[in-house]
Amino acid sequence: MLKTETFAKLFFLVSCTGLLMYVVLAFYTFHTAYTSISQVQKFRERIQNNSTTDALLEDRFTNDLKYILLWPIANVTNKLVEDGQSVFINYNCTYINCYLTSNKYLLNGDYRNFEAIILNASIFTTWDEKNIPDRRSARQKFVFYSELPSDSAPMCNICAENYFNWTWTYKLSSDILRPLIEVRNLKNEIVAPNENVKWLTEVTDSRKSNKNFEMGRTKKDVACIINNCHTKNDTIEYAKKLKSILDQKALVVDIYGCEFLKCSNDCLNEIKNNYYFYLVHEDSFAIDYVSAEVIKAYDSGAIPIIMGGANYQKFLPDGSYINARNLTVYKLAETIESIIESPSKYNSFHSWRQHYVIKRTRQLEGICDLCSNLNNKRLFKTRTAVRNFRHWWYYGSKFENCKIEPDPSERTRLTLKESDLKSYFYGLKKKYRLQSKDDYMYS
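Sequential numbering from 2 applies to the sequence shown in the numbering used here.
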C-alpha cells in the first residue's frame with residue numbers, strides 16, 4: 002500500500018513537471034515564431050503546401066506577421082536595421098506584427114510573398130532593370146523611400162509613373178512621412194513637421210524665463226560651416242558676400258570648411274555658445290526639405306539663419322530662426338546688426354526653448370506608420386498607384402530637366418477598380434505580361 006502511494010505521488014510529480022515544461026516550451030515557441038527567421042520560414046513552408054494559401058493570406062490582419070522587404074541596393078552591404086521585429090518593438094509601434102528584412106529570398110525565394118517592398122530612391126537614378134524587381138504581386142505595395150531631396154535623387158524615367166503604390170519621404174504630402182528633424186512639446190508629443198501646426202506664442206508668467214542667452218557669449222557674430230565644397234546652391238559665394246557686407250559694419254563672419262577656417266571633428270562643440278548666429282545654407286531648395294544641418298544650428302545655442310526651400314513655419318517654432326530666403330543679403334545684414342544691438346530682441350528668439358525640443362528623427366522614421374498601414378485592412382486592399390509621380394517628386398527647374406510640363410495639381414492618386422487593373426499593370430510605356438490574375442512581370 003505504501004509503495005502504491007509513493008509511486009502515485011512520484012507519477013503525479015513527474016506529470017506536473019512535464020506539463021510545466023510543455024507550457025514553457027509552448028510559450029517559447031510562440032514567442033520565437035515572431036522573431037526567428039527559421040520559424041518564419043517553417044511557417045511559410047506550411048502555408049505553401051496548403052491549397053488555400055490565398056485565403057490564408059487574405060485573413061492575416063489580426064494574428065499574423067506582415068513581411069516587409071528592404072530591397073537590396075547594389076554594392077551596399079551594411080544593413081540599416083537587423084532582420085526581425087526589433088525595430089517595431091524598440092520604436093514602441095502601435096503594431097509590432099511586422100517583420101523587416103533585406104533578404105529577398107526569405108519567403109520561399111519569391112519576393113512576391115512580401116506585403117510591402119521598400120524601394121530606395123538611389124536605386125532608380127539610372128532605372129537599371131537589373132537592380133529593380135522584375136515581377137510583383139497585385140496584393141503587395143511598392144513603397145518609394147527617400148531621405149534625399151529630389152534634386153539629389155533624380156527620377157526622370159517615364160516608367161516611374163504608376164509604378165509606386167505608396168510614398169515614404171520628407172515631403173509632407175507623402176503617404177508616410179520621413180522627416181529628418183522633429184519638434185516635440187514638453188509632453189514629448191510630436192508637434193512638427195505638420196501642415197497645420199499651431200505654435201505657442203505666449204509664455205505664461207509662471208513660465209517666463211529671465212535667462213539671458215547673450216551672457217557668456219564671445220564677441221563673434223556669425224558662424225557658417227560648409228561641408229560640401231561643390232554645393233549646387235552658391236553657398237560659398239553667399240557666405241562670402243554676407244561676410245563682406247558685415248565686415249563694413251565691424252561684424253565678424255567665420256566660415257569653416259573648404260578653403261576657409263579649419264575645424265576639428267568636434268567642430269560643433271568648438272563654436273557652441275560662441276556666436277550669435279549660425280548660417281545654414283541648405284544644399285537643396287526642394288519643397289519640404291529640411292536637413293539635419295538645421296539641428297546643428299539650434300544645438301550651437303545660436304539663432305539659425307536658414308537659406309532653403311521649405312515653408313519653415315510647418316517645421317520650426319515661430320520666432321526661433323531667420324528665413325534668409327525672404328531677405329536680400331543686405332537686408333539680412335541689417336537684421337543681424339539690429340538683433341545684436343538689442344539683447345531683448347535676441348533673447349526673444351530663444352523663448353521657444355520653454356515650450357519645445359528640436360531633435361533629429363530616428364533611423365527609418367515612419368516605419369511604425371508603414372506597419373499600421375499594412376494592418377489597415379481597407380487601406381491594404383485598396384489598389385492605388387502614384388500618378389504623375391515625377392511632377393510630385395520634382396520642383397522648379399526639374400520639370401525642364403525631365404522634359405515634362407508642370408501639372409496643375411502637385412499630386413493625384415488613382416483608386417483602382419478591377420477594370421483599371423490592366424492599365425495599372427501595363428503602365429505607360431512598359432508592357433507587362435500577366436502571370437495570373439494577381440501577379441505580373443515585365444516582358
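Positions of the beta carbon are idealized from the N, C-alpha and C atoms, including for glycine.
In its chain, beyond the 5 residues on either side, L269 have a beta carbon closer than 6 Å to the beta carbon of K297. Less than 8 Å divides the Cβ of G302 from the Cβ of N274.
About 11 Å separates the Cβ atoms of L107 and L71, ruling out a contact at the 8 Å cut-off. According to the DSSP assignment, S301 belongs to no alpha helix (DSSP H), since it is labelled neither H nor E. Assignment of Y96 by DSSP, reduced to helix, strand and coil, places it in the coil class. Bridge pairing for H351: absent [DSSP]. Straight through space, the alpha carbons of V223 and G367 are spaced by roughly 35 Å. Annotated three-state conformation of N195 is coil, per DSSP. For the pair Y92 and R361, the CB atoms are not nearer than the 8 Å cut-off. When the beta-carbon positions are compared, M156 and A117 stay at least 8 Å from each other.
L187 is classed as exposed because its beta carbon has fewer than 16 other beta carbons within 10 Å across all chains shown. Residue environment analysis places H231 among the exposed positions, since fewer than 16 neighbouring C-beta atoms fall within 10 angstroms of its C-beta. For C372, the enclosing alpha helix (DSSP H) begins and ends at I368 to N376. Assigned with DSSP and collapsed to three states, L262 falls in strand. With respect to the 8 Å criterion, N324 and D284 are not classified as neighbours on the basis of their beta carbons.
Residue T336 holds the alpha-carbon nearest to the alpha-carbon of Y347 among Q355, T336, Q141 and P318. In this structure, the straight-line span from the alpha carbon of D176 to that of V358 is close to 25 Å. Taking 8 Å as the cut-off, the Cβ atoms of V253 and A240 do not count as close. Shortest Cα-Cα distance from I74 to any of I182, K67, E342 and F125 involves F125.
In the DSSP assignment, C225 falls within the unbroken beta strand (DSSP E) covering K221 to I226. Collapsing the DSSP output to three states places K332 in a helix. In the three-state reduction of the DSSP assignment, S245 falls in the helix class.
The count of Cβ pairs closer than 8 Å, one atom from the region 127-142 and one from the region 80-95, stays below three, leaving the stretches out of contact. The Cβ neighbour count for P344, taken over all protein chains shown within 10 Å, is under 16; the residue is labelled exposed. DSSP places L252 outside both helix and strand once states are collapsed to three, so it counts as coil. For the 8 Å CB-CB criterion, L173 and Y146 do not form a contact. About 28 Å separates the Cβ atoms of E162 and N376, ruling out a contact at the 8 Å cut-off. Under a 10 Å Cβ-count criterion, Y331 is classified as exposed, with fewer than 16 other Cβ atoms of the shown protein chains found around its own Cβ.
No residue range can be given for V82, since it is assigned to no alpha helix (DSSP H) and is classified by DSSP as neither H nor E.
Its chain contains S285 as the residues whose beta carbon lies nearer than 7 Å to that of S153, once the 5 sequence neighbours on both sides are disregarded; these appear in chain order.
For H392, the uninterrupted alpha helix (DSSP H) segment begins and ends at F390 to W394. If you compare the alpha carbons of D300, I306, L328 and L333 with that of Y322, the shortest gap goes to I306. For C372 and W353, the gap between their C-alpha atoms comes out near 33 Å. Counting the other CB atoms within 10 Å of its CB gives E183 a total of 16 or more, which places it among the buried residues. Under the DSSP definition of a beta bridge, S103 lacks any partner.
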